[in-house]
């Protein structure tokens, strides 16, 4: 009997060790995933204040980018409530409100309808909307293939539209879509011009550049905002232009943020994107890049809470 | 919960201290030097300590959540004043700068409005924020005299602000203050508003005087701005403060002068009899003032002559200058005061007599000319020309000031935030240090229990052996 007891002890110890090891792994994974889940479902607010002589009465703009059909509360009730509380004068959307391939276009239209009840909405398309509307991310190859459709106006993408339902839904909701065009509006007595582009580095010239040039060089007495889903073409090609404010997204803040270092991953591939998030200045131009509110793909946002950007113009 | 988060590291320290005390107590009770030494060498942190190590892992995970939470309960933002007068402790307009203004109710309410925090009051926020100079001077010795131009706005969460992001609160408060500061101390160009609607009904000579005053106002305003930044040149209108000031002086010296000369030369007045009786009435009072000034001047001169011989002429007082160099200071005495007052009254008398002469000249001109009164076409034209020129100059001056002001006032204050990301290494170090401390104290307790058991068993064995003997 005694012999049997002695031989079973090491076995029990080994089993106990494995159990504790497994328990440790489970606890660690639960904590890590729980934290990632929690931090991805709560958004932070980042406030920027810009001072300009072109604005007489203060204007507040709220910038939403890269929602990718994310939900903050049922039907985005938390997001809507918070935006309403912030009392914006204008709402800017820097693209990727939906994820391409999704059939649920009502998400974007429904959300925009509720945003329109708060303030006028100006929508710059992102690569995901482009893929839904034009069937492609408007890169140079796509334009070459469809050069015949464009004819003499390389900046008018209407002939390339394959599925008009999203654009129609948004326009019906009262949203102003700015695709290679700008509109002049009066906000709190201030004349503000809002334009938008959604091309990328390969197709900026000749499919958006002329518009941006005209936009920047026209009457400079009023404040000009350009919505460009991607920040890279702006800093690559038009960094010195006389645009007062450029708002962007696309980078998702680098998806994984290394504290003190910035974003780790680029949505275009590669590491440490230069314009990952925050405020960048170039000559007379200020660019604000949002970390975005949602995400897609397998890599979750880490140390990178969803971000709602509030811009005060004084 | 808020109390736990705020004092989390103290709680950890307390638990670790308790465990160490317990371990020490156990060791002292079962003390046996040789056996304790044997237990130290025989102690293995992994072997048979799986549940203890699991507990340490749990503590590490807990620390990973709680320590960042605790450290984010506080934060700092730096507010720097970048204008010339800041180094003298003054606001841009020369009034005394008060850093407590950063936490004034007006600013905090503005910050709360900007952040849309409906459940927060200015007094709640005031309790969580404090302002201090970045470098604190002292008044003990001259080397310690220092007026700080940099202030640190600190945040320490209270129960009411604990659910909000401290960095956001700091940033909103600093920005609200900057906005207020720019609004308060940016150049007020309302002085350059040229409104001539109320002078149209006045007589021509009065209009001329008003136009001259308006021209002088632009001249002085621009001269003041030129003192602030003589090199500034507008990129839009291409002018400097000095050039606009000179143009305003020209309006006063040439255009207003030309108008006055025409009016006097031709005795032009809208209602000459009324104007002449007003000047005569004015002259009467001027005459009384002149007589008064004359008599006062005479009295002072008489006083000087009465006491001159009896009073010291010069009094020299030995003293030190700011460099501690000895010198003889000439101190003003009674007779100096008499002389100064006499001179002031003489100047007054001369000035009043000048005005009386001028009024008399106007009276002569108006009475000697056969002007019927009413509006004069030529005078109206000259007035309009001068007004137009003043309008143009005022617009130019306003554009110049606004351009200068936009560049300057926006730079009055710089806000430097210290985001929590920059404190990441400190947070990581804290997590590791406190987990290590917990692990150390836990293993110490485990060791003390093991060593106690071993020494107990050994002593019991020795007692049995002694009995057998």
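Chains as they are written, first to last, in our numbering: chain A, 1 to 314; chain B, 315 to 783. Even glycine gets a Cβ: it sits at the ideal position worked out from N, Cα and C.
Review point. Using a C-beta cutoff of 8 Å, does residue 112 of chain A count as contacting chain B?
Key: no
Exercise for review: Could you list the residues in the stretch 17-29 of chain A with a C-beta less than 9 Å from some C-beta on chain B, going in chain order?
Suggested key: 17, 19, 20, 21, 23, 24, 27 and 28
Review point. Using CA coordinates, which residue listed in B/467, B/446 and B/483 is at the minimum distance from residue 431 of chain B?
Key: B/483
Review point. Taking 8 Å as the CB-CB cut-off, is residue 364 of chain B touching chain A?
Key: yes
Review point. Expressed to the nearest angstrom, what Euclidean distance is found between the alpha-carbon atoms of residue 644 of chain B and residue 629 of chain B?
Key: 6 Å
**Study point:** CB contact check: residue 86 of chain A to chain B, cutoff 8 Å
**Key:** yes
Check your understanding: Quick one: does residue 448 of chain B have its CB under 8 Å from some CB of chain A?
Key -> no
Review point. Out of curiosity, what's the CA-to-CA distance linking residue 469 of chain B and residue 264 of chain A?
Key: 30 Å
Point to revise | Proximal residues of chain A, C-beta to C-beta of residue 797 of chain B below 7 Å | key: Not covered by the structure: residue 797 of chain B. The range shown for chain B is 315 to 783.
Point to revise | Straight-line Cα distance separating residue 169 of chain A from residue 85 of chain A | key: 26 Å
**Study point:** First through last residue of the beta strand (DSSP E) which encompasses residue 510 of chain B
**Key:** Looking at the DSSP string, residue 510 of chain B is not in any beta strand (DSSP E), and its letter there is neither H nor E.
**Study point:** Whole-Å CB distance - residue 65 of chain A paired with residue 109 of chain A, under 8 Å assumed
**Key:** Not really, about 18 Å apart at Cβ, beyond 8 Å.
Review point. Of all the CB atoms in chain B, is at least one closer than 8 Å to the CB of residue 259 of chain A?
Key: yes
Practice item. Taking only the alpha-carbon atoms, compute the straight-line gap between residue 729 of chain B and residue 487 of chain B and give it to the nearest angstrom. Key: 11 Å
Check your understanding: Should residue 206 of chain A go down as buried or exposed, given a rule of 16 or more other Cβ atoms within 10 Å for buried?
Key -> exposed
Review point. Whose C-alpha, out of B/660, B/391 and B/623, is nearest the C-alpha of residue 465 of chain B?
Key: B/391
Practice item. Pull out every residue of the stretch 417-435 of chain B whose Cβ sits closer than 8 Å to any Cβ of chain A, in chain order. Key: 428, 429, 430 and 432
Check your understanding: At least one CB of chain B closer than 8 Å to the CB of residue 136 of chain A: is that the case?
Key -> no
Practice item. Say whether the stretch 277-296 of chain A touches the stretch 247-261 of chain A, bearing in mind that this needs 3 or more beta-carbon pairs closer than 8 Å, one atom from each stretch. Key: yes
Exercise for review: Check residue 634 of chain B in the structure and name its three-state DSSP category.
Suggested key: strand
Check your understanding: If you check the beta carbons only, do residue 132 of chain A and residue 163 of chain A fall under 8 Å apart?
Key -> yes
Review point. Is residue 161 of chain A helix, strand or coil when you go by DSSP?
Key: coil
Check your understanding: Taking buried to mean at least 16 other C-beta atoms within 10 Å of its own C-beta, is residue 700 of chain B buried or exposed?
Key -> buried
Review point. How is residue 413 of chain B classed by DSSP in three states: helix, strand or coil?
Key: helix
Practice item. Could you work out which residues of chain B lie near residue 53 of chain A, taking near to mean beta carbons separated by less than 7 Å? Key: 716 and 720
Point to revise | Contact set between residue 31 of chain A and chain B, taken where Cβ atoms lie within less than 7 Å | key: 375
Check your understanding: What separation, rounded to the nearest whole angstrom, lies between the Cα atoms of residue 746 of chain B and residue 754 of chain B?
Key -> 12 Å
Exercise for review: Give the residues from the stretch 639-670 of chain B that approach chain A closer than 9 Å (Cβ to any Cβ), ordered along the chain.
Suggested key: none
Check your understanding: Applying a beta-carbon distance threshold of less than 9 Å, which residues of chain A neighbour residue 493 of chain B?
Key -> 49, 51, 58, 312 and 314
Review point. Roughly how many whole angstroms lie between the Cα atoms of residue 105 of chain A and residue 96 of chain A?
Key: 12 Å
Check your understanding: So, helix, strand or coil for residue 312 of chain A, using DSSP?
Key -> strand
Review point. Whose Cβ in chain A lies nearer than 8 Å to the Cβ of residue 549 of chain B?
Key: Those within 8 Å of residue 549 of chain B in chain A number zero; the least Cβ separation is about 12 Å.
Review point. Is residue 696 of chain B closer than 8 Å to residue 572 of chain B when the C-beta atoms are compared?
Key: yes
Practice item. My understanding is that residue 92 of chain A touches residue 61 of chain A, with C-beta atoms under 8 Å, so please give their C-beta distance in whole angstroms. Key: 6 Å
Point to revise | chain A within 8 Å of residue 496 of chain B, Cβ atoms only | key: yes
Review point. What residues from chain A crowd round residue 485 of chain B, counting only those whose CB sits closer than 8 Å?
Key: 47
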